[in-house]
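Novice: Using UniProt numbering, the first residue of the sequence shown is number 1, and each one after it goes up by one.
Glycine included, every Cβ here is placed at the ideal spot set by N, Cα and C.
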Amino acid sequence: MVDLKKKFAADRRGNFGMIAALCIVPLFAAAGLGLDMTNAYSAKTKLDNAADSAALAALQSAARASPIAGSVENFSAQELLGNTMMMTNIEQEYGISINSFTVEVANNGTALEAKATYDANLDTTIMRVFSRDQIRISNTVLAATSLSKRMNLYMLLDNTPSMGVGATPSDISALERATKNHPNQALRDCAFACHTTEEEIGTSNYDIAKNIGVDMRIDVVRTSTRNLIEDIKRKQAYSGQVKVGIYSFGTAAEDLKLTELAAPSSDFHMQMMRLKRLDLMTIPYQRYKEDQLTDYDGTLKSLTKIIKSDEAGGDDSEKIVFLVTDGVGDSFKPLRCTRPTVESVNNVYGRCVEPIDARVCDSIKNNGYKLAILYTTYLALPDSPFYVKWVSPFHRDLSKKLESCATAGMYAEVGFGSSVPDAMISLFNAATAAPRLIY
1 MVDLKKKFAA
11 DRRGNFGMIA
21 ALCIVPLFAA
31 AGLGLDMTNA
41 YSAKTKLDNA
51 ADSAALAALQ
61 SAARASPIAG
71 SVENFSAQEL
81 LGNTMMMTNI
91 EQEYGISINS
101 FTVEVANNGT
111 ALEAKATYDA
121 NLDTTIMRVF
131 SRDQIRISNT
141 VLAATSLSKR
151 MNLYMLLDNT
161 PSMGVGATPS
171 DISALERATK
181 NHPNQALRDC
191 AFACHTTEEE
201 IGTSNYDIAK
211 NIGVDMRIDV
221 VRTSTRNLIE
231 DIKRKQAYSG
241 QVKVGIYSFG
251 TAAEDLKLTE
261 LAAPSSDFHM
271 QMMRLKRLDL
281 MTIPYQRYKE
291 DQLTDYDGTL
301 KSLTKIIKSD
311 EAGGDDSEKI
321 VFLVTDGVGD
331 SFKPLRCTRP
341 TVESVNNVYG
351 RCVEPIDARV
361 CDSIKNNGYK
371 LAILYTTYLA
381 LPDSPFYVKW
391 VSPFHRDLSK
401 KLESCATAGM
411 YAEVGFGSSV
421 PDAMISLFNA
431 ATAAPRLIY
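1. Can you look up G164 in the DSSP assignment and give me helix, strand or coil?
2. Is the distance from the Cβ of A144 to the Cβ of A54 below 7 Å?
3. Less than 7 Å between C-beta atoms, sequence neighbours within five positions excluded: which residues of the same chain meet that for I229?
4. Roughly how many whole angstroms lie between the Cα atoms of F192 and I201?
5. Is the beta carbon of T304 closer than 7 Å to that of residue 474?
6. At the level of alpha carbons, what is the spacing between D279 and L47?
7. Give the DSSP-derived three-state secondary structure of Y247 in the structure shown.
8. Starting from the C-beta of E354, find all residues in its chain whose C-beta is less than 7 Å away, skip the five residues before and the five after it, and write them out in chain order.
9. Run through DSSP, which three-state label would I201 get?
10. Output the distance between the C-alpha atoms of R274 and V103, rounded to the nearest integer angstrom.
11. Taking the DSSP output, what are the residues bridged to S331?
12. Whole angstroms are fine: how far does the CA of A380 sit from the CA of S265?
13. Looking at the structure shown, is P421 part of a helix, part of a strand, or coil, going by DSSP?
14. Would a C-beta distance cut-off of 7 Å place A430 and A423 closer than the cut-off?
15. Do the region 168-182 and the region 144-158 meet, that is, are 3 or more Cβ pairs less than 8 Å apart?
16. Could you spell out where the beta strand (DSSP E) holding Q134 opens and where it closes?
17. Would you mind working out which of A106, L427, F416 and S426 sits nearest D215, comparing C-alpha positions?
18. Give the DSSP-derived three-state secondary structure of N108 in the structure shown.
19. Could you give the residue range of the alpha helix (DSSP H) that holds K319?
20. Should L300 be labelled buried (16 or more other beta-carbon atoms within 10 Å of its own) or exposed?
21. Near T194, what residues of its chain come up, given a Cβ to Cβ distance below 8 Å and the 5 sequence neighbours on each side ignored?
22. Which first and last residues belong to the alpha helix (DSSP H) in which N227 is found?
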C-alpha cells in the first residue's frame, strides 16, 4: 500500500487531472456568480426604470392635489404604476421578492421633491449550491418639479349656446319642465337655456333658467374659474408668478370671434371682476347662421397670435392654454373638415360639425405652448334627428380626440353633477408641474 502511494505521488501523468479536479469547484462557483449577477443587474435595471416612473407619477399626483408648503405625502409603487406591472411582470420574470417599494413627495415651498425607494431580493440559481440563496437589490431615485417658475395662463372658456345646458341632471329636468309650455314651440321642453334676443324680455329660456334658479354649465364654468384664480393667488410661490388671461368665443353670435375679457395679469382682484362679464353667447334667433357658432380653428389661431405678440413684447414666461369646452365644433369649414359636411340647409353649404381638429392643437404645441383641456361631457340628444345623424357617430370619440389634442397628462373630463371647480384646479396643478429626474 505504501509503495502504491509513493508511485501515485511520483507519477506526473496525473497532475492535470488533479489540478482540474481542484479548480472545477471555484470555476463552477464563478460561472454561477456571473449568471446570477447578470440576472440581478437586469432586474435592477427594470426596478430602476419602475422607480423613475413611480417618482414622476407621484409628482404628477401630488401636484394635482395642490399640497401646501411643508407637507409630505406617501405613495406605494403599486398604487402609482399598477399591480400587474410591479408584482407580476418583474417578480415572475426574475424571481424577485419585493420587500418594499414606496415614494415620498415633499413640498419645500419652491419645489415638489419625490424620493422613490425600493428593496428586493433576487432568488439565485447556481449560487444556491454554495448556500447563497438570494441577492439583495435596492436603490433610491429622486425627482423634482419647480413650483416657482413664471407662467401665463390663457383661459379659453367655451360660452357657445351648447354651454347653456343645465349643469346637473336635476337642472336639466327643471329647465325642461319650466319650458314645457313656452309660446315659441322651438324652445319647448328644452334642456338648453338658449340666450335668444328675439324673445320678449324675460321669456327666453335663458331668462327662465335665471328666474327659477337653474345653474347652466356656463355658470359653473364662471364660478370654477373664479375658484381657480383664488387658488392660484393663495398658492403661488411669490407675487406676480402667475398671470391669468380670460377669453371667450364671443359675446354675441353676430360678432363671432375670440373675445378678450381680461388680458393676462397678476391683478387677480381685477381679473375676477372682469370674469363676471363671461356669459352665454346671445343669438338673435334659433338656427342663426345655421348654428355655426363654435369655431375652434379660428378661435385658437387667434389666441395663438395673442400669445406670440406677448412673447414679441419680451414676456418669456411659460405659456399655457387652458381650454374648457364640450368638445363639438360647429363652423363654416367647407374644406378640410374632418367629418362629412352637413347637407345643405337653406342653400348653405360647408357646415362642419366635428370633434376638435388635431391640426390646430398641434400648431399650439409645436410653438412650445402647453395645452390643457377640461372636457365638460357633451349632452347626448337621442330625440334630435340632427344629433343622431351628425353628432352621434363621433360622440363616443370626443374624449379621446380631446385627450390626444391636449399636452400629455393635461386632460380631464368632468360630467354632469361632478365637481367642475375641483377638476379645474386639479388640471391646472398638473399643467404647471414639469417633473424631472435627479440623478
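Specialist: Result, derived from the coordinates:
1. helix
2. no
3. V244, F268, Q271 and M272
4. 17 Å
5. Within the shown structure, residues of the chain are numbered from 1 to 439, placing residue 474 beyond reach of any answer.
6. 52 Å
7. strand
8. G329, C337, T338 and R339
9. coil
10. 42 Å
11. C352
12. 37 Å
13. helix
14. no
15. no
16. Q134 to S146
17. F416
18. coil
19. No alpha helix (DSSP H) contains K319, which is instead part of the beta strand (DSSP E) from E318 to T325.
20. buried
21. Note on residue identity: the sequence assigns Cys, not Thr, to residue 194. If we look at C194 and ignore the five residues flanking it on each side, its Cβ neighbours are P161, G164, L187, S204, N205, Y206, I283 and Q286.
22. R217 to K235
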